[in-house]
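According to the working numbering, the sequence shown is numbered sequentially starting from 4.
From the three backbone atoms N, C-alpha and C, an ideal C-beta is built for every residue, glycine too.
As the structure is a computational prediction, the values presented were derived from the model and not from experiment.
Below you'll find the structure, written out as structure tokens, and then a few comments.
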Amino acid sequence: AAVAAVLRVTNGPELLLIKRAEVEHDPWSGHMALPGGRREASDASLQATAIRETHEELALHLRDAQILGRLDDIAPRSRSLPPIIVRPFVAFVSPDVVLTNSREVAAAYWVPLALLRAPESQIEHMVPHSEGEARFPAFGLHGQVVWGLTERIVRQLLALSDS
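Structure representation (structure tokens):
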């Protein structure tokens, strides 16, 4: 699978996050995420997957964007999730891009990197499971929680942008 970490600059750098639509039998239903999804046979590469999925989900053409590179591949840590590997690609778009949510996307947000770095955004997310609860590092953003694979990808991106 592949996702796009889409950046733009307005008053400062911002990252595009989506809230996935609620879909039965989807383990990531309703979660905050980066646009992306599973590779299809017609995709020439995982970068092509990220470009296609971003267009399908938000009508955002990354073919016109500057692809800056990719981050490290990442996989779910939970055995209850599908055994996938996700490759994140970083793209830079103009600040005036227009997003149109598909049925897969409940909402889209441009989040300032400064907000993601802010101490008040650093939280722990509690997830119930068969043996109690598990704690995960997360970002709390205006009532939304970014955790799991997306949190780990965002931390990679923040670490690179700090250097």
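- At the C-beta level, Ser105 and Leu61 come within 8 angstroms of one another.
- Secondary structure note for Glu17: its beta strand (DSSP E) is the uninterrupted segment 16–23.
- Across the set Arg73, Val157, Met35, the C-alpha of Met35 shows the shortest separation from the C-alpha of Ala109.
- Taking 8 angstroms as the cut-off, the Cβ atoms of Gly15 and Arg23 do not count as close.
- Under the Cβ criterion (8 angstroms, minimum of three pairs), the region 134–143 does not count as touching the region 47–58.
- Fully contained in the region 19–77 are the following beta strand (DSSP E) runs of length 3 or more, in chain order: 69–73.
- Rounded to whole angstroms, the gap between the alpha carbons of Ala121 and Gln69 is 27 angstroms.
- Counting other Cβ atoms within 10 Å of its Cβ, Gly146 stays below 16 and is therefore classed as exposed.
- The alpha-carbon separation between Leu116 and Pro131 amounts to approximately 29 angstroms.
- Distance from the Cα of Leu20 is smallest, within the candidate group Trp113, Leu65, Pro86, for Trp113.
- Excluding five sequence positions before and after Arg66, the CB atoms of its chain that fall closer than 7 angstroms to its own CB belong to Ile54, given in chain order.
- Only exposed fits Val12, as fewer than 16 other CB atoms lie within 10 angstroms of its CB.
- The residue from Asp75, Glu17, Pro85 with its alpha-carbon nearest to that of Asp99 is Glu17.
- When C-alpha distances from Gly40 are compared across Arg158, Phe142, Val149, Pro85, the shortest belongs to Pro85.
- The C-alpha of Leu161 is placed about 11 angstroms away from the C-alpha of Leu118.
- The three-state secondary structure of Arg106, taken from DSSP, is coil.
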